[in-house]
Amino acid sequence: IIELGTPDRSVVTTCAYCGVGCSFKAEMNGDTLVRMVPYKHGKANRGHSCVKGRFAYGYAHHNDRILKPMIRERITDPWQEVSWDEALSFAATRLRSLQAQYGKKSIGVITSSRCTNEETYLVQKLARAVFGNNNTDTCARVCHSPTGYGLGQTFGTSAGTQDFDSVEHTDVVVVIGANPTDGHPVFASRLKKRLRAGAKLIVIDPRRIDLVKSPHISAAHHLPLRPGTNVAVVSALAHVIVTEGLMDEDFIRARCDWDEFQHYAEFISNPRHSPEATAMLTGVDPAELRAAARLFAHGGNGAIYYGLGVTEHSQGSTTVMGIANLAMLTGNIGRPGVGVNPLRGQNNVQGSCDMGSFPHELPGYRHVKGPEVRAVFEEAWGVEIDAEPGLRIPNMLDAAVDGTFKGLYCQGEDILQSDPDTKHVAAGLAAMDCVIVHDLFLNETANYAHVFLPGSTFLEKDGTFTNAERRINRVRKVIPPLNGYADWEITQMLANAMGAGWTYSHPARIMEEIAATTPSFAGVDYALLEEKGSVQWPCNEAHPEGTPLMHVDGFMRGKGRFIVTEYVATDEKTGPRFPLLLTTGRILSQYNVGAQTRRTANVVWHEEDLLEIHPHDAEVRGLKEGDWVRLASRAGETTLRAMLTDRVSPGVVYTTFHHPDTQANVITTDYSDWATNCPEYKVTAVQVSLSNGP
Ligand code: SF4
Numbered sequence: 249i250i251e252l253g254t255p256d257r258s259v260v261t262t263c264a265y266c267g268v269g270c271s272f273k274a275e276m277n278g279d280t281l282v283r284m285v286p287y288k289h290g291k292a293n294r295g296h297s298c299v300k301g302r303f304a305y306g307y308a309h310h311n312d313r314i315l316k317p318m319i320r321e322r323i324t325d326p327w328q329e330v331s332w333d334e335a336l337s338f339a340a341t342r343l344r345s346l347q348a349q350y351g352k353k354s355i356g357v358i359t360s361s362r363c364t365n366e367e368t369y370l371v372q373k374l375a376r377a378v379f380g381n382n383n384t385d386t387c388a389r390v391c392h393s394p395t396g397y398g399l400g401q402t403f404g405t406s407a408g409t410q411d412f413d414s415v416e417h418t419d420v421v422v423v424i425g426a427n428p429t430d431g432h433p434v435f436a437s438r439l440k441k442r443l444r445a446g447a448k449l450i451v452i453d454p455r456r457i458d459l460v461k462s463p464h465i466s467a468a469h470h471l472p473l474r475p476g477t478n479v480a481v482v483s484a485l486a487h488v489i490v491t492e493g494l495m496d497e498d499f500i501r502a503r504c505d506w507d508e509f510q511h512y513a514e515f516i517s518n519p520r521h522s523p524e525a526t527a528m529l530t531g532v533d534p535a536e537l538r539a540a541a542r543l544f545a546h547g548g549n550g551a552i553y554y555g556l557g558v559t560e561h562s563q564g565s566t567t568v569m570g571i572a573n574l575a576m577l578t579g580n581i582g583r584p585g586v587g588v589n590p591l592r593g594q595n596n597v598q599g600s601c602d603m604g605s606f607p608h609e610l611p612g613y614r615h616v617k618g619p620e621v622r623a624v625f626e627e628a629w630g631v632e633i634d635a636e637p638g639l640r641i642p643n644m645l646d647a648a649v650d651g652t653f654k655g656l657y658c659q660g661e662d663i664l665q666s667d668p669d670t671k672h673v674a675a676g677l678a679a680m681d682c683v684i685v686h687d688l689f690l691n692e693t694a695n696y697a698h699v700f701l702p703g704s705t706f707l708e709k710d711g712t713f714t715n716a717e718r719r720i721n722r723v724r725k726v727i728p729p730l731n732g733y734a735d736w737e738i739t740q741m742l743a744n745a746m747g748a749g750w751t752y753s754h755p756a757r758i759m760e761e762i763a764a765t766t767p768s769f770a771g772v773d774y775a776l777l778e779e780k781g782s783v784q785w786p787c788n789e790a791h792p793e794g795t796p797l798m799h800v801d802g803f804m805r806g807k808g809r810f811i812v813t814e815y816v817a818t819d820e821k822t823g824p825r826f827p828l829l830l831t832t833g834r835i836l837s838q839y840n841v842g843a844q845t846r847r848t849a850n851v852v853w854h855e856e857d858l859l860e861i862h863p864h865d866a867e868v869r870g871l872k873e874g875d876w877v878r879l880a881s882r883a884g885e886t887t888l889r890a891m892l893t894d895r896v897s898p899g900v901v902y903t904t905f906h907h908p909d910t911q912a913n914v915i916t917t918d919y920s921d922w923a924t925n926c927p928e929y930k931v932t933a934v935q936v937s938l939s940n941g942p
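First residue of the sequence shown: 249, per the UniProt record's numbering; consecutive thereafter.
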């Protein structure tokens, strides 16, 4: 324990790790941060925190932080420290010259779900108003883009339907493809409290996660499905509900498109969707599945919580729509204790999507093809906006390899470590003539960068994050930026180096522009956030205090829409060379690729990534606990230690992706969601064999 002194003041801010969005008091002694204390008035966390968030400030002062801008002519040259002016001028000149040579659409941006709403808004504005194209994408591409698509199609807006408090009114909780205990610990505590008070639990997950059986909690049903069969399982649940007449017909008639429901009901009633017909495919006991469907339909208020085990599949969007169908079938939308809730991984996934990061949508999820929407931003920004959607991240990389995409400004994301098919990402980056990495550390992507712009941590800036329940929380500056500038200022300086003439003096001014252009944020301003602590969008004239529960009287799109969800098997197949299925997840003490948690001084955070393998699969391979094993797929291989456990079923192995040495994404395939290109991280055919170590 380091003695840092007695606090003499505190600043309330928001955790920068997961989508729960816990509020903290940063307690200061002068300019030294003494400790982070969970804020008892925080509406997302009610005075609680997890071990990650409590120590989340440690990385801010880590020696690995880069605090001076750097440039280099070629990626083989050594980095050269330069002034901010020199770095920004170098970047702007290169980007402009690439546009002159290869066209306006030859450059683009990647926004970050780690950065504030205001920063994200500016980065997509940089692409649209300064670069003159819609080549903007976000790291949400690789996590929750299917949520955006699936909930948008069915309900009319791309967000969770209820607030965290709502779980206290839930009678039946379905957790599918999520592990809240490790991924969203503070919400998991509230969920467990409700379960201990008597709510029933259905877990749909290939792995026996902690919630299935933990002290005082026992899931009523665990459906350990074969990875890649989510759609078949969700359809089988719907099949039981429809064919046994368990649906809420009054709700469906009143709230949903009846013609589309009838079409869907005819589809889902087909015996090929029954639990019995799909059991061989899914590996789920039909009797257990039928019992789970009956419980969800008639067990009282039913709420569904899901995570990346739903979205990161070639049918991620289809599963999201299937989940929405289940909620509408049973009337579980629009009141406390019910609903559909994506558990967002990163602190501001929701916000980065809300702020127009996607190449086809302006802020507020409005398509760029809409002339009336473009007109709003054209008037606000004083430029003409391209009506053609831009490139997604994988398309940017493909175009780079083809020689037509030449420059990238990447803020707060390490695409070389977090995106699928590492070799292809590296090839795309290597083919570009101007890669600008704006980050805290020299990450893996920076190996291919020509410009490095040092970033600022959440402690060093003002702004807002939007959590998984659409709650807009204030981020407040605790210490001055160690690099001299907050990230929003750096984006503004880059825009101005390219001739933009932006004059934002504070993130509050950026929020004013967001409110003026984005109907769901029309009532949001910093004064309201000071007064209320936080608000949930939509916050506007119709909902001046914000909206804890959505779709109360009607869906955002009017009538709820049932969508036919046909199961299509992934192209990733097991076979004699790769007989096992690998799926991935995370552990409580680490956060994503570990860039922050690995640089925070707490010894319990330095575990390695392990390969969970069933004892039967280990035995036939001659493996013992702790052995080094070679994990190989068609895409690549890595080495890690084995952990024998019956948490995974025979035929399934599991690992985490927190340590760069493991390089789990060298193993994963380049298959992706049919609608959004979200990578299929959760299903990879692999072989495991004894190894001598790395
Ligand atoms: Fe931070 Fe998430 Fe932990 Fe809350 S639950 S303290 S937001 S990591």
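Backbone N, C-alpha and C fix where the C-beta goes; we use that ideal spot for every residue, glycine too.
The structure displayed is predicted, hence computed values, not measured ones.
| Asked | Found |
| --- | --- |
| Could you tell me the alpha carbon to alpha carbon distance between R474 and V488, rounded to whole angstroms? | 20 Å |
| Ordered along the chain, which non-local residues of its own chain (more than five positions away) have a Cβ less than 7 Å from that of R724? | V259, V260, T261, D710 |
| Between which two residues does the beta strand (DSSP E) harbouring T831 extend? | 828-833 |
| Does the stretch 676-685 come close enough to the stretch 546-564 to have 3 or more Cβ pairs within less than 8 Å? | no |
| Where do the N-terminal and C-terminal ends of the beta strand (DSSP E) with C658 fall, by residue? | 655-659 |
| Relative to the C-alpha of H511, which candidate in V901, T916, I811, L828 has its C-alpha closest? | I811 |
| For a minimum of 4 consecutive residues, which ranges assigned as the alpha helix (DSSP H) are wholly contained in the stretch 501-537? | 506-517, 523-530 |
| Taking all protein chains shown into account, decide if Q328 is buried (16 or more other Cβ within 10 angstroms of its Cβ) or exposed. | exposed |
| Helix, strand or coil: how does DSSP classify G612 here? | coil |
| Excluding the 5 residues preceding and the 5 following V490 in the sequence, name in chain order all residues of the same chain whose CB lies nearer than 6 Å to its CB. | A513, I516, S517 |
| Here's the rule I'm using: 16 or more other beta-carbon atoms within 10 Å means buried, otherwise exposed. How should K872 be labelled? | exposed |
| In terms of alpha-carbon separation, which member of V934, R869, R719, G941 lies closest to K291? | R719 |
| Who pairs with W876 in a beta bridge, going by DSSP? | R889 |
| Kindly confirm or deny that the stretch 812-823 and the stretch 916-925 touch, where touching means at least three C-beta pairs closer than 8 Å. | yes |
| Quick one: what does DSSP say R722 is sitting in, helix, strand or coil? | strand |
| Leaving aside the five residues before and after I314 along the sequence, list all residues of the same chain whose C-beta is less than 7 Å from its C-beta, in chain order. | F689, L690, F700, P702 |
| Just checking my contact of L858 with M891 at CB under 8 Å: how many whole Å lie between their CB atoms? | 4 Å |
| Cβ of C391 within 8 Å of Cβ of V616? | no |
| Residues around the ligand SF4, please: the ones whose beta-carbon is closer than 5 Å to some heavy atom of it, in chain order. | C263, Y265, C266, V268, C270, S297, C298, K300, G301, P433, V434 |
| Identify which residue in A770, F606, A525 has its Cα closest to the Cα of Y815. | A525 |
| Rank G404, G612, D496 by C-alpha distance to the C-alpha of A764 and give the top, closest one. | G612 |
| Can you look up N731 in the DSSP assignment and give me helix, strand or coil? | coil |
| Tell me the start and end of each unbroken alpha helix (DSSP H) in the stretch 726-790 that is at least 4 residues and wholly inside, in chain order. | 735-745, 755-765, 774-780 |
| Examine the Cβ distances between the stretch 456-472 and the stretch 531-541 and report whether three or more of them are shorter than 8 Å. | yes |
| Could you give the distance in angstroms between the alpha-carbon of A697 and the alpha-carbon of T578? | 51 Å |
| Grab me the residues of E737's own chain with a C-beta within less than 7 Å of its C-beta, minus the 5 sequence neighbours each way, in chain order. | none |
| Please work out which residues of its chain come closer than 8 Å, Cβ to Cβ, to N549, disregarding the five sequence neighbours upstream and downstream, and give them in chain order. | H417, T418, D419, V420, N580, R583, P584, G585, V586 |
| Nearest-angstrom Cα distance between T893 and E885? | 22 Å |
| In three-state terms, what does DSSP make of Y553? | strand |
| Spatial neighbours of L730 within its chain, please: C-beta separation below 6 Å, excluding the five flanking residues on both sides. | L315 |
| Please classify P800 as buried or exposed, where buried requires at least 16 other C-beta atoms within 10 Å of its C-beta. | With the sequence shown as reference, residue 800 is identified as Val, and Pro is not the correct amino acid for it. Per the 10 Å Cβ criterion, exposed. |
| Look at the Cβ atom of T832, then the Cβ atom of F905, and state whether they are nearer than 8 Å. | yes |
| Considering only the alpha carbon of each residue, which of E632, N695, A572, I424 lies closest to R322? | N695 |
| How close, in whole Å, do the beta carbons of V568 and G398 come, if the pair is a contact with beta carbons under 8 Å? | 3 Å |
| How would you label I462, buried or exposed, when you count the other beta carbons within 10 angstroms and need 16 or more for buried? | Position check: residue 462 holds Ser in this sequence, whereas Ile was assumed. Per the 10 Å Cβ criterion, exposed. |
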